[in-house]
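Enquirer:
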Amino acid sequence: MPPDSPDRRECVLCGCCLEGCPLLEATGREELSPRAKALLAGPSKFDAARLAEGDVAALTGLCLACGRCEKLCPQGVQVPALMAAMRAAHPDFRQWLWKQWITRLGPYWSLAAKGAALAPQAFVDTFVPAQFGLALKGLKGLRPGNGLAPWLAIAAFPVQAFRARYGDRPVALFDGCVGRGPRAAWGETARLLLKGLGAHLAEPRFSCCGSTLGVAGLPQEQAQARAENIAAWREAGRPLLATYCATCRKGLADYAGPGADGGLFADEAEAAAWAASLVPLSALLEGAKAKAGRGAPAIVGYHRPCHAEAADHDFRLLSSLLGPRLRTPAGGGCCGFGGVMQLSAPELSARVGASCWESLDTALGFSAAPEVTPAYVLTGCSGCVMQLLATAPRGARVGHWLEIIRQK
Amino acid sequence: MTQLATSLVSGLTPAHLRFLEGLFPGEGLTVAPAEMAVYGADSSRRAGMPWAVVRPRTEEQMVELLRWAQAEGVPIVPRARGTGMSGGAVPAFGGVVVSCLLMDTVLDVDSEDFCAEVEPGVVTAQFQALVQKRKLFYPPDPASLKISTLGGNVATCAGGMRAVKYGVTRDYVLGVRAVLPGGKIVNAGGRTHKNVVGLDLARLFVGSCGTLGIFTKLTLKLLPLPEGSATVLAAFGSLGEALEGAREVFRAGILPTAMEFLDAKACWGIGQIKDVPWPASPDGEGATKAVLVLKVDGSRSALAAELSRVEGALAGSTPLCLLKGLGPAEEEPLWELRRLVSPAVFRLGPDKLGEDVAVPRGRTVEAVEGFQAIGAEQGIHVVCYGHLGDGNIHVNIVYDAADADQRARAKACKEAVFRLTLSLGGTLSGEHGTGITKGPYVPWQLGEEERALMAGIKGVFDPSGILNPGKGW
Ligand SMILES: Cc1cc2nc3c(=O)[nH]c(=O)nc-3n(C[C@H](O)[C@H](O)[C@H](O)COP(=O)(O)OP(=O)(O)OC[C@H]3O[C@@H](n4cnc5c(N)ncnc54)[C@H](O)[C@@H]3O)c2cc1C
Ligand code: SF4
Ligand code: SF4
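Just so you know, the sequences run in chain order A and B.
Each residue of the first sequence is one higher than the one before, counting from 14 in our numbering.
Each residue of the second sequence is one higher than the one before, counting from 724 in our numbering.
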């Protein structure tokens, strides 16, 4: 094993990761901290007989996979990856729930969202396992036609800059499960924006990015999704890969990231080409000009997804398009989506969601006069949209930033 | 080290557990080993399994807990965020761990009295940010400020980089409200900045490592926020040049807010984690052998001039590179490098003994050169860095604990470092406290009379020896 491989990186209990963990922040419970997880997942300092394996798996499963801890860890310990490995090693751990969720509902999210919306509450109460409650609420909020009304017209595209940078290189849009399913409108708007840039669109048939599958402890399914996506990209002539969901982007970047399966790509050069082809849609649009039309809210909040890249191009684009109208809490704050945790510990997920809304409130001040300035929050990640919808205070409006853009 | 009281129980009975369940309903009590494991460890990398973990929200719960614990002889270990470096929060002899993280309210910030009242679980950096909004300043800044708490800082008398100008946590504690074993509440000190009535009990609590009482409220002193600050980072080709540069700064009449140094091995380790601005090759000509990081603060108009004076003072030592930062946005990346050193040391080996000795300021050069020589002699990595301005030197002895020979040599190194420190008139710990990692060495430094006096004081506060047994002195 190379000395620097992720498996070799051992937690030294320094606690540097404590700063960012939204679970610790929301609960004050150290056992939910990344350090607790790294301690339990790593070579144990404790008499193994005293730690029942199932308990360890259940506890370490309580992780939002937000990745904040790994960004802070000087040792390079990757807690979300450790947790995924533990889930994979404990097949009976609640991930069956998630597997069912993704494999049964995933391809039909559009339908599922409709179904969730239509199902009478009594039916949901009787037949839907309690754990599905929060996830269903998010899904309900996603149903087609429930998005934000558009109010922003793009007045000028940075066509020159785009051409200068990328020439004729074709662009493929990676839609992800939500943009392909219940919120197909995101994909439509994104395509219009790319056309506005003068980009040549390639349309490979992509699968799920695989990140939720990996986190849920389903490495085989994840590997399959990854292989399918790489094959589709290769077949389309290795186009630029534009994303509009932060988690999808991170999921795709992880194919060539530390600890990834080296066998996915033909060689290192191809892995590097993959990494270099990934670009957030918002980065391509940098320099665009826009005009706010009727229906534009006075204050627009921005929720920074944990998986956003360091430069956070979504925020940069939105602040240049919206000016002082756009506000965001200084410290950010995780929404608490956390994939599998929606099912394994929805109450914790909801608690993190509540503190996220509190910090949004300090920046937006909606709770002072909800009838005058109701909460209006944009973000750039499907998971965040779902979770913010599920945890939103009454009257709040939440959506992907693509939803505010007029399609003509 | 203190003798463990013989009256302590060796485990919890079902009746004990029933009591705890009653006092700490719901999430207030944890007894599952997997959940408790992390509460048994801290950044000293020592670990012991708690018998139970409780999370009080109120002072009343704390009073009841300590009344019961004394009556039953149950050891109690106060804990905040477990970032301590000497095992202070580790239940080395079992017991009930008391997590103070749910007592995390800032009760009052008063810009007229220049003081604040806080519960112990408030995270230090969050508190600093809060008072800063009111143009107030809480100077103590341990490198762990974003991850440790005010309660933990007071219990360890945490020092930080600003100590050279502003002093350490002790200098900012005006009052301590604590619950003692048996359930008595004491109020030591108060809101006044001066107070000479009676013995200084508040100071006695500072640095007491959770052995005298559990804090429920702290009254902290605040200063007006300086208008701005500036930072200089300079790399040198030899340790001697760096230390001479530092001396020149003081000779020029400049009192920096912070003055930190990193030796060659520390610089190398940081370079393994992050891109560094200094010439990074570990050996050879032009390589960095030491780095100084200095901060000055004051009025914005004076800072640019102050920076040039610092630069001038360092010029005689011919720095290999010199970076300047004016204002937090430019300064932060420079300080971030310094903060990374503690974890960076693990790039040299899997285990470390982290000592934080302090020597009289004039003996710093002798001390650092002596420590490095001890490492070379034993064939073990000895990394030195720290608070040059106040003589507090972090000495990290890096080794592989799986190798018995290295273990023995590391221990020999540590003892040689202690002996040299004491011979220079220094102290075994400037910041981290003695906890369990240094407890056995305390008699090297403190005489029998002094230790007897301390044991007597401990006996007055905690007659049955239930509070954090086996820690301290
Ligand atoms: C990366 C890193 C850098 C560090 N840098 C520095 C530094 O620059 N300077 C420095 O001085 N230290 C430093 N430390 C050590 C550590 O951060 C400090 O000792 C800190 O004060 C511990 O705070 P904590 O909240 O984690 O307390 P803990 O570690 O949980 O507890 C520390 C001690 O306080 C006691 N205690 C906790 N709460 C209470 C209470 N309510 N009442 C009574 N006793 C209580 C505990 O019993 C224990 O003995 C560093 C640590 C790390 C990991
Ligand atoms: S996971 Fe990393 S940051 Fe967290 S305690 Fe372990 S080594 Fe430190
Ligand atoms: S991934 Fe997020 S939720 Fe999970 S331990 Fe790390 S910081 Fe906490």
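Even glycine gets a Cβ: it sits at the ideal position worked out from N, Cα and C.
May I ask you to list, following chain order, the residues of the stretch 1064 to 1082 of chain B that have a beta carbon less than 8 Å from some beta carbon of chain A?
Expert: The stretch 1064 to 1082 of chain B vs chain A, Cβ under 8 Å: Ser1065, Pro1066, Ala1067, Phe1069, Pro1073.
Enquirer: Taking all protein chains shown into account, do 16 or more other C-beta atoms lie within 10 angstroms of the C-beta of A:Ala301, making it buried, or fewer, making it exposed?
Expert: It counts as buried.
Enquirer: How about A:Ala343 and A:Gly393: do their beta carbons lie closer than 9 Å?
Expert: Contact flag unset, no.
Enquirer: Would you mind stating whether B:Val1082 and B:Thr1157 have Cβ atoms separated by less than 9 Å?
Expert: It is not a contact, given that the beta carbons lie outside the stated cut-off.
Enquirer: Using alpha carbons as the reference points, say which of B:Ala757, B:Gly811, B:Ala815, B:Leu824 lies closest to B:Val777.
Expert: Per the Cα distances, B:Leu824.
Enquirer: Does any residue of chain A bring its CB to less than 9 Å from the CB of B:Met724?
Expert: Per-residue confidence for B:Met724 stands at a pLDDT of 45, beneath the threshold of 50, marking its modelled position as unreliable; the derived number appears in the next sentence. Not closer than 9 Å to any Cβ of chain A, the Cβ of B:Met724 fails to qualify, so no.
Enquirer: Output the distance between the C-alpha atoms of B:Glu783 and B:Ala755, rounded to the nearest integer angstrom.
Expert: Taking the straight line joining both Cα atoms gives about 25 Å.
Enquirer: State yes or no: is the C-beta of A:Pro318 nearer than 8 Å to some heavy atom of ligand 3?
Expert: A:Pro318 Cβ: outside cutoff for every heavy atom of ligand 3.
Enquirer: Is there at least one Cβ from chain B nearer than 9 Å to A:Ala125's Cβ?
Expert: No answer about A:Ala125 holds up, because its pLDDT of 45 lies below 50 and its placement is not dependable.
Enquirer: Given a limit of 9 Å on CB to CB distance, which residues of the stretch 859 to 881 of chain B reach chain A?
Expert: So the list reads Ser867, Lys869, Ile870, Ser871, given in the order they occur along the chain.
Enquirer: Taking 9 Å as the CB-CB limit, is A:Asp188 close to chain B?
Expert: Judged by the 9 Å Cβ criterion, A:Asp188 is not in contact with chain B.
Enquirer: Write down every uninterrupted run of the alpha helix (DSSP H) in the stretch 842 to 928 of chain B whose length is 4 residues or greater and which is fully enclosed by it, in chain order.
Expert: Listed in chain order, the complete alpha helix (DSSP H) runs (minimum 4 residues) inside the stretch 842 to 928 of chain B are 847 to 855, 873 to 879, 886 to 889, 924 to 928.
Enquirer: With 7 Å as the C-beta to C-beta threshold (strictly closer), list the residues of the stretch 363 to 396 of chain A near chain B in chain order.
Expert: Of all residues in the stretch 363 to 396 of chain A, none has a Cβ within less than 7 Å of some Cβ in chain B.
Enquirer: What does the Cβ neighbour count give for B:Trp1058, buried or exposed, with the cut at 16 atoms within 10 Å?
Expert: So B:Trp1058 ends up on the buried side.
Enquirer: For A:His413, report the span of its beta strand (DSSP E) as first-last.
Expert: Taken as a continuous stretch (DSSP letters only), the beta strand (DSSP E) holding A:His413 covers 410 to 413.
Enquirer: Kindly indicate which residue of B:Lys997, B:Leu1030, B:Asp1113, B:Ser1031 has the alpha-carbon position closest to the one of B:Leu1060.
Expert: When only C-alpha atoms are compared, the closest one is B:Lys997.
Enquirer: How about A:Trp111: is its C-beta nearer than 9 Å to some C-beta of chain B?
Expert: For A:Trp111, the predicted structure reports a pLDDT of 49, less than 50, and the residue's modelled location is therefore unreliable. A value from the coordinates is still provided. False, the Cβ-Cβ gap to chain B never drops below 9 Å.
Enquirer: Give me the subset of the stretch 85 to 99 of chain A whose CB atoms are less than 7 Å from a CB atom of chain B, sorted by chain position.
Expert: Under the 7 Å Cβ criterion, the stretch 85 to 99 of chain A contributes Pro87, Gln88.
Enquirer: Verify the contact flag: A:Ala51, CB atom, against every heavy atom of ligand 2, threshold strictly below 8 Å.
Expert: The answer is yes for A:Ala51.
Enquirer: Just verifying my parser: in three-state terms, what is the DSSP assignment at B:Tyr762?
Expert: B:Tyr762: helix per DSSP, three-state reduction.
Enquirer: At 4 residues or longer, what runs of the alpha helix (DSSP H) sit wholly inside the stretch 1105 to 1193 of chain B?
Expert: Fully enclosed alpha helix (DSSP H) runs of 4 or longer: 1127 to 1146, 1165 to 1168, 1171 to 1184.
Enquirer: In terms of alpha-carbon separation, which member of B:Ala901, B:Gln855, B:Phe837 lies closest to B:Leu789?
Expert: Selected option, being the one with the closest Cα: B:Ala901.
Enquirer: Going along the chain, which residues of its own chain have a beta-carbon closer than 8 Å to the beta-carbon of A:Val292, five neighbours each way excluded?
Expert: Here the set comprises Leu253, Leu254, Ala255, Thr256.
Enquirer: Does A:Tyr257 come out as helix, strand or coil in the three-state DSSP assignment?
Expert: The answer is coil: DSSP assigns A:Tyr257 none of H, G, I, E or B.
Enquirer: Please determine whether the Cβ atom of B:Val846 lies at a distance below 8 Å from any heavy atom of ligand 2.
Expert: Not so, every heavy atom of ligand 2 lies at least 8 Å from the Cβ.
Enquirer: What residues sit near ligand 3, counting only those whose C-beta is closer than 6 Å to one of its heavy atoms, in chain order?
Expert: Those residues, listed in chain order, are A:Gly33, A:Cys34, A:Pro35, A:Leu36, A:Pro47, A:Lys50, A:Cys76, A:Leu77, A:Ala78, A:Cys79, A:Gly80, A:Arg81, A:Cys82, A:Val92, A:Pro93.
Enquirer: What residues in the stretch 785 to 809 of chain B bring their beta carbon closer than 7 Å to a beta carbon of chain A?
Expert: So the close ones are Arg804, Gly805, Thr806.
Enquirer: With 9 Å as the threshold, decide whether the Cβ of A:Glu23 is near any Cβ in chain B.
Expert: With 9 Å as the cut-off, A:Glu23 counts as an interface residue toward chain B.
Enquirer: Does the stretch 150 to 159 of chain A come close enough to the stretch 272 to 290 of chain A that 3 or more CB-CB pairs lie under 8 Å?
Expert: Verdict: no, contact absent.
Enquirer: At a cut of 8 Å, does the stretch 167 to 185 of chain A reach the stretch 313 to 331 of chain A through at least three beta carbon pairs?
Expert: Too few Cβ pairs lie closer than 8 Å, so no.
Enquirer: Tell me the residue span of the beta strand (DSSP E) that contains B:Thr1011.
Expert: B:Thr1011 -> no beta strand (DSSP E), and no H or E assigned at all.
Enquirer: Under 7 Å Cβ-Cβ, which residues of chain A neighbour B:Glu758?
Expert: In chain order: Glu44, Leu72.
Enquirer: Which one of A:Cys27, A:Arg48, A:Met399 has the shortest CA to CA distance from A:Leu36?
Expert: Of the candidates A:Cys27, A:Arg48, A:Met399, the one whose C-alpha sits nearest the C-alpha of A:Leu36 is A:Arg48.
Enquirer: Tell me whether B:Arg802, by its Cβ, gets closer than 8 Å to a heavy atom of ligand 1.
Expert: Yes.
Enquirer: Alpha carbons only, please: which of A:Leu95, A:Gln237, A:Thr375, A:Glu234 is nearest the one belonging to A:Arg340?
Expert: Ranking A:Leu95, A:Gln237, A:Thr375, A:Glu234 by Cα distance to A:Arg340 puts A:Thr375 first.
Enquirer: With a CB to CB cut of under 7 Å and the five nearest residues on each side skipped, what residues in its chain are close to B:Gln1168?
Expert: Correct list, in chain order: Leu1145, Thr1150, Leu1151.
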